[in-house]
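Presented below is the structure to which this report refers.
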Amino acid sequence: MKRILFSGFLLMLLAGCTKEKEDNSLPADITSRLNFIIEDNLFNFSYFNAGLGRTPYRVTLTQPGPYTVLLPDNNAFIAAGYSTENAVLTESASVLNNMIGYQVVSGTWQLDQLPFRFNQELTSVTGSKLYVTRWVKNQDTVVTINGSRVLSYNMKASNGLIQVINTVLQPLVHKTLSDAISSDPQFTYLNAALQKAGMKTLLEQETAYTVFAPVNSAFVAAGYATIQDIQQADAATLQQLLQYHLFSGRKFVYDYILATGPSDKSEQAMLSGNNITVNLLKSGINYTGITVKGIGNSTVATISKPNVLAGNGVLHTINQVLKENQ
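Numbered per the numbering used here, the sequence shown spans residues 683 to 1008.
Below you can see the structure in the form of structure tokens.
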């Protein structure tokens, strides 16, 4: 009788242990969610994973979703100035929250199945806009987000997809192009010129513009030695000059690469009525950027900072004032 009771107790104990083990195990659906997929690919995603762990979005990516993560690989973080994972870990919480949140989109978005169009709008979970282009270049179908290339498509998780990109996308900081220019000390002369020409309000409206924005030294080289020189200049002359630096619509650098033909050269119509010349840059077989040149410029202007996104357009920083006349 004692042996029977002991055996029964042992079976109950083993059953209890088995039940406890089963209760502690995670369903396959949970272990294949986005946060686990990212953690399991640390060779490529360790920098993003480090940032994700310091934000509420790690919990977000454990939820049923679905979500699509626009995920910069480790090389993208290094190119953005984060030389080590520790550099990501020591970034400010507000920067990481904005950065990581900007790269998470509600829903399942197979970007390689979108229509062949430029700058199709998506909205991140933070409420900020993203712009996706799908186009064909030299028989290759290319997808970009805010002008940055998608490297790998549709990595599956049980609660969404991962799209691997080659750039850390910068979240929207400024509501308008006017704000972006006035807040940047390298555009002091440009901001003064916009004020003198009565064009600040143009860049505060909802209509999207693309601006090729000369830095202060470019204005000095163009003959405006001081801010006072700009303030004393003829307003109509400045207006004509500035209209040669912008056009209606949103255009990223890679949009030019995709839209330009075999000559690697194209023309861009500006608000002034005249064109600038856009030349593609290549390293081997890969396109790396563009230069721009005005009718009256003897050399091309280089872009030091491309694709700065504002709520009403895109700004590209250039090192020359573009000239319409010789």
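Glycine residues also receive a C-beta, built at the ideal position from the N, C-alpha and C atoms.
- Contact check for residue 850 against residue 762 passes: the beta carbons are separated by less than 8 Å.
- Within the same chain, 973, 974, 975, 1000, 1001, 1002, 1004 come within 7 Å of residue 983 by CB-CB distance, once the 5 residues on both sides are set aside.
- Contact check for residue 793 against residue 825 passes: the beta carbons are separated by less than 8 Å.
- Look at residue 837 here: in three-state DSSP terms it is strand.
- At least 8 Å separates the beta-carbon of residue 827 from that of residue 758.
- Here the alpha carbons of residue 859 and residue 990 stand approximately 9 Å from one another.
- For residue 985, the enclosing beta strand (DSSP E) starts and ends at 983-992.
- Using a Cβ distance threshold of 8 Å, residue 806 and residue 786 count as a contacting pair.
- In the DSSP assignment, residue 819 falls outside any alpha helix (DSSP H) and lies within the beta strand (DSSP E) extending over 811-819.
- Cβ contact annotation for residue 893 (same chain, cutoff 8 Å, sequence separation greater than five): 859, 863, 885, 927, 928, 995, 996, 997, 998, in chain order.
- Pairing residue 961 with residue 977 gives a Cβ-Cβ distance that is not under 8 Å.
- If you ignore the 5 residues before and after residue 964, its C-beta comes within less than 8 Å of the C-beta of 946, 970, all in its own chain and listed in chain order.
- Here DSSP, grouped into helix, strand and coil, assigns residue 866 to coil.
- If only uninterrupted beta strand (DSSP E) runs of at least 3 residues are considered, those enclosed by the stretch 911-987 are 928-930, 947-951, 957-965, 968-975.
- Residue 923 holds the alpha-carbon nearest to the alpha-carbon of residue 881 among 923, 905, 868.
- When the five nearest sequence neighbours on each side are left out, the beta carbons in the same chain lying within less than 8 Å of the beta carbon of residue 742 are those of 749, 786, 807, in order along the chain.
- Taken atom to atom, the span from the alpha-carbon of residue 870 to that of residue 902 is near 11 Å.
- Cβ-Cβ distances below 6 Å link residue 719 to 839 in the same chain, with the five nearest sequence neighbours on each side left out; the list follows chain order.
- The Cβ-Cβ distance between residue 842 and residue 937 does not fall below 8 Å.
- Judged by their CB atoms, residue 932 and residue 900 are not nearer to each other than the 8 Å cut-off.
- Here residue 896 is bridged, per DSSP, to 1000.
- Per DSSP, residue 721 is one residue of the alpha helix (DSSP H) stretching across 716-721.
- Bridge pairing for residue 822: 819 [DSSP].
- Pairing residue 878 with residue 913 gives a Cβ-Cβ distance under 8 Å.
- With respect to the 8 Å criterion, residue 815 and residue 801 are classified as neighbours on the basis of their beta carbons.
- If you draw a straight line from the Cα of residue 810 to the Cα of residue 754, it comes to about 18 Å.
- Excluding residues up to 5 positions away in sequence, 999 lie with their Cβ nearer than 6 Å to the Cβ of residue 987 in the same chain.
- Look at residue 752 here: in three-state DSSP terms it is strand.
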